[in-house]
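Residue numbers (the working numbering): 2 to 436.
Glycine included, C-beta positions come from ideal geometry on N, C-alpha and C.
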């Protein structure tokens, strides 16, 4: 088994695969950074581990617990190594890796878990007019500069976007002595968690300007100012609301994109909304024996949820190797199973729902511990979350408030399973909101 990515998802997958019977010498984690832990290494703020450990940990503390367990279990890993490609001949996957220590090498695997995480959108994706001075960078890059490299990106800061990293960096820059003049968000609501809005902006009196965006960048060698403006219901800037804010730094927190170049090159089907792979109830992609988990599948709110998904992928990949291809220790042959694109029923996002993961399920393989994860497309109050098969309502739950920044879930449970089993010839399942 090869796990691509040594962040929280990859570490959890490796540990669970070992627990489910794969020998530690037959598991390999490939990580392109110089240390395991992924993005957690630069997230020195607290708020991690509340669900998994029932403790409030920093990112490095959370990561260190999994890294220590991986080392105790003697699971193999290689660092500073880049995966160039994944080729699939249906039985054996060939992973091409390059690193200073190994050079260019090819690794054969019976199963692959994609756990590469995600990356930030940059200025190039936004098409903001203006010059190209120094001082414009993503919030995650600024976080690395401050927390790991020990550099301050600037002293007078404007943040575009209200994602969690942007909110956290608003607080961090303030604590380091910078003046955060505004956080601008083009949507009429924040894209960050409610606790981060309160703790990072409210506690430090940092203004949050909703329905605002940056429309002009000024400065030659170094950023001198930005022009912000209010946007209308069509997200078009309103000219008479333009305002100049003098600053030397613009941090961008305008969304995360799953790191899926490898996935696409392997001809794995991608979801147009999540930009991650289309998966079934076991997190297997459209390529037989290749699984995806964590932020490379879809962007999560909390690292605890990423870890849970990593556990699930590691367990499913271990079962795939042992039951479907053959016991990893004896090499006994097994029967390959149909992949996600050829079996099962589709789960459709309905009214008010932006996307659902998994996108397809086989009812025979569905377990009571499984969940349907989804995000809504707007803020809704006093609504019902409904799961239905064709026109038959299987599940309904009242919610006082749902919002795009917080992931929702439907836990399958025995009651939903029993109702699904009683139905015949289901065309699809739909998750929707009833206002």
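Classify residue i as buried or exposed, calling it buried when 16 or more other Cβ atoms lie within 10 Å of its own Cβ.
i           : result
residue 111 : buried
residue 156 : exposed
residue 324 : exposed
residue 243 : exposed
residue 422 : exposed
residue 369 : exposed
residue 52  : exposed
residue 419 : exposed
residue 116 : buried
residue 94  : buried
residue 206 : exposed
residue 249 : buried
residue 403 : buried
residue 92  : exposed
residue 318 : buried
residue 2   : buried
residue 57  : exposed
residue 313 : buried
residue 209 : buried
residue 236 : exposed
residue 152 : exposed
residue 204 : exposed
residue 245 : exposed
residue 425 : exposed
residue 192 : buried
What are the boundary residues of the alpha helix (DSSP H) that residue i is part of?
i           : result
residue 308 : 304-320
residue 260 : From DSSP, residue 260 is part of no alpha helix (DSSP H); its letter is neither H nor E.
residue 71  : 60-73
residue 417 : 414-423
residue 156 : Counting along the chain, residue 156 falls outside any alpha helix (DSSP H), and DSSP gives it neither H nor E.
residue 142 : 140-145
State the CB to CB distance for the pair residue i and residue j, rounded to an integer number of angstroms; the pair is presumed to be in contact (CB under 8 Å).
i           : j           : result
residue 304 : residue 63  : 6 Å
residue 455 : residue 287 : Nothing can be reported for residue 455, as the shown portion of the chain is limited to 2 through 436.
residue 376 : residue 355 : 5 Å
residue 198 : residue 168 : 6 Å
residue 67  : residue 12  : 4 Å
residue 391 : residue 428 : 6 Å
residue 10  : residue 76  : 15 Å between Cβ atoms; not a contact.
residue 194 : residue 302 : 6 Å
residue 131 : residue 219 : 6 Å
residue 380 : residue 23  : Contact doesn't hold; Cβ gap of about 44 Å is too wide.
Could you name the residues of the same chain whose beta carbon sits closer than 6 Å to that of residue i, not counting the 5 residues immediately before and after it, in chain order?
i           : result
residue 211 : 186, 189
residue 135 : 223
residue 133 : none
residue 308 : 9, 13, 53
residue 107 : 95, 97
residue 316 : 17, 21
Is it true that the CB of residue j sits closer than 8 Å to the CB of residue i?
i           : j           : result
residue 113 : residue 290 : yes
residue 44  : residue 297 : no
residue 228 : residue 239 : no
residue 181 : residue 174 : yes
residue 266 : residue 86  : yes
residue 41  : residue 7   : no
residue 18  : residue 28  : yes
residue 407 : residue 386 : no
residue 253 : residue 123 : yes
residue 105 : residue 32  : no
residue 400 : residue 384 : yes
residue 83  : residue 65  : no
residue 177 : residue 147 : yes
residue 247 : residue 282 : no
residue 74  : residue 25  : yes
residue 121 : residue 257 : yes
Under 8 Å Cβ to Cβ from residue i, same chain only, skipping five residues before and after it: list those, please.
i           : result
residue 280 : 286, 292, 293, 298, 341, 358, 359, 360, 361
residue 388 : 373, 394, 395, 396, 397, 411, 417, 430, 431, 432
residue 413 : 367, 368, 369, 370, 371, 372, 373
residue 434 : 351, 352, 353, 354, 377, 381, 384, 385, 386, 387, 403
residue 230 : 213, 214, 216, 238, 239, 240, 242, 243, 244
Using only the heavy atoms of the ligand GTP, determine whether one of them is closer than 7 Å to the beta carbon of residue i.
i           : result
residue 406 : Summarising the ligand content, the structure contains no ligands, and the ligand GTP is consequently not present.
At what residues does the beta strand (DSSP E) containing residue i begin and finish?
i           : result
residue 89  : 83-89
residue 14  : Careful: residue 14 lies outside any beta strand (DSSP E), inside the alpha helix (DSSP H) at 9-20.
residue 431 : 429-435
residue 214 : 213-219
residue 169 : No beta strand (DSSP E) contains residue 169, which is instead part of the alpha helix (DSSP H) from 165-176.
residue 390 : 381-390
residue 377 : 372-377
residue 31  : 29-31
residue 119 : 119-121
residue 77  : 77-79
Give me, in chain order, the residues of the same chain whose beta-carbon lies closer than 7 Å to that of residue i; leave out the 5 immediate sequence neighbours on both sides.
i           : result
residue 201 : 168, 169, 171, 172
residue 350 : 356, 357, 375, 432
residue 492 : Here the chain has residues from 2 to 436 only, and residue 492 is not among them.
residue 363 : 281, 282, 344, 345
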